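Just so you know, the numbering used here puts 129 at position 129 of the sequence shown, and the rest follows in order with no gaps.
Glycine residues also receive a C-beta, built at the ideal position from the N, C-alpha and C atoms.
As the structure is a computational prediction, the values presented were derived from the model and not from experiment.
Structure, as structure tokens:
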Amino acid sequence: MTPSASKASQLKLTLTRRYRFAASHRLHSAKFTEEQNRRLYGKCSNPHGHGHNYVLEVTIAGPVDPSTGMIANLGDLDPFVRIQVLDPFDCKNLNEQVAEFRDCVPTTENVAREIFRRLQTFPNAHVERVRIEETSKNSFEVADEE
Numbered sequence: 001m002t003p004s005a006s007k008a009s010q011l012k013l014t015l016t017r018r019y020r021f022a023a024s025h026r027l028h029s030a031k032f033t034e035e036q037n038r039r040l041y042g043k044c045s046n047p048h049g050h051g052h053n054y055v056l057e058v059t060i061a062g063p064v065d066p067s068t069g070m071i072a073n074l075g076d077l078d079p080f081v082r083i084q085v086l087d088p089f090d091c092k093n094l095n096e097q098v099a100e101f102r103d104c105v106p107t108t109e110n111v112a113r114e115i116f117r118r119l120q121t122f123p124n125a126h127v128e129r130v131r132i133e134e135t136s137k138n139s140f141e142v143a144d145e146e
């Protein structure tokens, strides 16, 4: 093995794919009074909720398959993300239509953690990181601690 080939085999490669979905939520906890919820979550505790156009980035890592030259085929990743995340979350009220948020406040931190959990079963590569942008000012990231 040549020195450059040896060095290349030690490189860590990642692929980040970007997706978009829109969803509404209300930041509200049954553990708190209405006043406590308003103080804690402010306008985001509005009883009618509010929505975001989220940008989701999914980063996968793994060896490059020598026969395809890819970490993972996007033809496998895209439908997996669609089934696991986009279909269940897009155009949904997270509090009412996503079971995991019926008793868990759907902060974007919690949304990111749930998305990361759902994507861990991707069979063709390791999901290393999930980043979700809620607004142009706020983004949240969950990463594997390896």
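Alpha carbon to alpha carbon, how far is residue j from residue i? Give it in angstroms, no decimals.
i      : j      : result
Met70  : Arg20  : 23 Å
Pro79  : Cys91  : 18 Å
Ile132 : Ser67  : 32 Å
Tyr41  : Arg17  : 31 Å
Glu141 : Thr121 : 19 Å
Asn95  : Arg26  : 7 Å
Asp144 : Val127 : 8 Å
Ala23  : Leu77  : 22 Å
Asn73  : Ala125 : 10 Å
Asp103 : Ala61  : 32 Å
Glu109 : His50  : 16 Å
Lys119 : Ser139 : Per the sequence shown, residue 119 should be read as Leu rather than Lys. When rounded, the distance between both Cα atoms is 19 Å.
Leu86  : Tyr54  : 11 Å
Pro63  : Gly75  : 17 Å
Leu15  : Thr33  : 44 Å
Asn46  : Val58  : 30 Å
Ile83  : Val98  : 14 Å
Arg117 : Glu35  : 32 Å
Arg113 : Glu134 : 14 Å
In this structure, does DSSP put residue i in helix, strand or coil?
i      : result
Leu13  : coil
Ser24  : strand
Phe140 : strand
At which residues does the beta strand (DSSP E) containing residue i begin and terminate?
i      : result
Arg131 : 126-133
Grab the span of the alpha helix (DSSP H) containing residue i for me, first residue to last.
i      : result
Ala112 : 108-119
Val81  : 74-81
4-residue-minimum alpha helix (DSSP H) runs that sit fully inside the stretch 33-103, ordered along the chain: 34-41, 74-81, 94-97
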